[in-house]
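Residue numbers (UniProt numbering): 12 to 470.
Input: a single structure, listed below in structure tokens.
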Amino acid sequence: KANTMWGGRFAAGPDAIMEAINASISFDQRMARQDIEGSRAHAAMLAATGIVDGSDVEAIREGLLTVLSEIEGGTFTYSAALEDIHMNVESRLTEIVGPAAGRLHTARSRNDQVATDFKLWVRDQMDAAITGIEALQRALLGQAEAGADWVMPGFTHLQTAQPVTWGHHMMAYVEMLGRDASRFRDARTRMNTSPLGAAALAGTSFPIDRDMTSKALGFDRPAANSLDAVADRDFALEFLSAASICAMHLSRFAEELVIWSSAQFRFVALSDRFSTGSSIMPQKKNPDAAELIRAKIGRIFGANVALMTVMKGLPLAYSKDMQEDKEQTFDAADNLMLALAAMEGMVRDMEANVASLEAAAASGFSTATDLADWLVRTLDMPFREAHHVTGSLVKLAEDKGCDLPDLTLADMRSVHGDITQAVFDVLGVHNSVASRVSYGGTAPVRVREQIAQWRAELG
Ligand code: ARG
């Protein structure tokens, strides 16, 4: 039988395959609440402008609440024949309130309707992402406060570079996540315009009040161009790009946790709550949560690429291609929230092995730069020469099979005669980090300032 929404010019209903490729209800039912919220705002506006009689609108708005409670109560039956959430809701509304329901779609199209619903959904996810990021930042702050002066190796090329503090390393992620949250905030501000009232693409001849619906739905203003309003999916793309960058940060930290928790590093112990065992190797405690967080970037970035690819060739205004925006975005959002929550839990629970961190910090000639700086400061040596002298000392230590602090003063003097006993003060890792007091540096006093600033910001 022909479709109830547009049966007028159709003699036959769709092929089963057509229905399968066309229907979006299996996934867009996640926007039911937004759809009903949008319809209620649209209906109220139709009454206020006199476009639809007030008593019909009252029945419609009441009926929509009934539909919502059926959906939330799990008694609503979705139908693929009704294609999407918009027509499923409207069809049920018709059963509840009768022919008056047919007036709801006056001065509206599914094109502005879906853009509005999806925007409302994505906007909620931007807020949820910010909340999740801030929770993780607080967990990192807790770690930073506990270990503002624990020393650990800082790496470049994953080779020992210079000692840093645990707090400094944790705060590096707090900074990254701060940028992530601000990307979601910026995107949220930019996206917050209402597509509702753009109708199919050209606007409408009815005397609608777009400011009224925009305000009712918490938008800052109506989108200014009706073609753009229904053709725009930038808001989802910005969400996915911000999510990709954030997931990339989570993935880098996850990689560090995988390395740090290995038997070779022993920098941290992950809690039982965020690890798994092996079915064959009894000794194993695997960092699965970290590994999965590391992997989530794949699907999130994939969603971003997929939607960019869907959008890039579309002529204005709406094309059905755009229905492919939702599953990807839903999946990316779900997995970003999950990754944030899992990372927060892992960070809260993880225990740093302070002794291993310190031992590792002291190995690998990590204070060689401190030695070179001492030569510059104390002997007024040009840095390039100091670099060379220190290099020779590292070579000597390597040949003797010891570390820099283990060399004798005589060893030191065999390379440069003016070196004094005072040099040994700068070879200790605690002195090394304490000396790096430049703004943004790893010295515990600087790290504590960064922590205090973020505590004030995050409350
Ligand atoms: N299910 C559609 C979507 O997700 C709703 C819009 C349909 N509009 C149309 N002109 N067929 O995009």
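Glycine is no exception: its CB is placed at the ideal position from the N, C-alpha and C atoms.
Model, not experiment: these values are computed from the prediction.
First through last residue of the alpha helix (DSSP H) which encompasses residue i
| i | result |
| --- | --- |
| residue 155 | 121-157 |
| residue 461 | 455-469 |
| residue 385 | 379-390 |
| residue 420 | 420-426 |
| residue 80 | 65-83 |
| residue 88 | No alpha helix (DSSP H) holds residue 88; DSSP gives it neither H nor E. |
| residue 319 | 299-322 |
| residue 413 | Where residue 413 is concerned, there is no enclosing alpha helix (DSSP H), given that its DSSP letter is neither H nor E. |
| residue 219 | Residue 219 -> no alpha helix (DSSP H), and no H or E assigned at all. |
| residue 43 | 43-59 |
| residue 246 | 245-271 |
| residue 102 | 96-108 |
Coarse secondary structure for residue i, derived from DSSP in three states
| i | result |
| --- | --- |
| residue 287 | strand |
| residue 204 | strand |
| residue 233 | strand |
| residue 362 | strand |
| residue 440 | helix |
| residue 279 | strand |
| residue 448 | coil |
| residue 33 | helix |
| residue 116 | coil |
| residue 340 | helix |
| residue 39 | helix |
| residue 184 | helix |
| residue 213 | coil |
| residue 375 | coil |
| residue 435 | helix |
| residue 27 | helix |
| residue 334 | helix |
Proximity of residue i and residue j at Cβ, strictly below 8 Å
| i | j | result |
| --- | --- | --- |
| residue 265 | residue 314 | no |
| residue 107 | residue 74 | yes |
| residue 45 | residue 138 | no |
| residue 230 | residue 203 | yes |
| residue 144 | residue 257 | yes |
| residue 198 | residue 249 | yes |
| residue 161 | residue 171 | no |
| residue 377 | residue 164 | yes |
| residue 247 | residue 318 | yes |
| residue 205 | residue 221 | yes |
| residue 343 | residue 310 | yes |
| residue 415 | residue 386 | no |
| residue 124 | residue 18 | no |
| residue 440 | residue 448 | no |
| residue 118 | residue 47 | no |
| residue 224 | residue 97 | no |
| residue 299 | residue 286 | yes |
| residue 94 | residue 33 | yes |
| residue 469 | residue 149 | yes |
Residue span of the beta strand (DSSP E) that contains residue i, given as start and end
| i | result |
| --- | --- |
| residue 162 | 162-167 |
| residue 172 | 170-176 |
Nearest-angstrom Cβ-Cβ length linking residue i and residue j, presumed shorter than 8 Å
| i | j | result |
| --- | --- | --- |
| residue 147 | residue 358 | 7 Å |
| residue 308 | residue 262 | 5 Å |
| residue 454 | residue 446 | 7 Å |
| residue 38 | residue 341 | 6 Å |
Open item on the list: I want to know whether the region 54-62 touches the region 111-123 - three or more CB-CB distances under 8 Å.
Closed with: yes
- prompt: Counting Cβ pairs, one atom from each stretch, are 3 or more of them under 8 Å apart for the region 154-171 and the region 412-422?
  reply: no
- Message: When you compare the region 372-386 with the region 403-420, are there three or more beta-carbon pairs, one atom per stretch, that lie closer than 8 Å?
- Response: yes
Fill in: Cβ pair count under 8 Å reaching 3, the region 318-326 against the region 228-247
Judged by Cβ distances under 8 Å, the region 318-326 makes contact with the region 228-247, as three or more pairs qualify.
Inset, instruction - Count the CB pairs spanning the region 222-237 and the region 276-292 that are closer than 8 Å, and state whether there are at least three. - result: no
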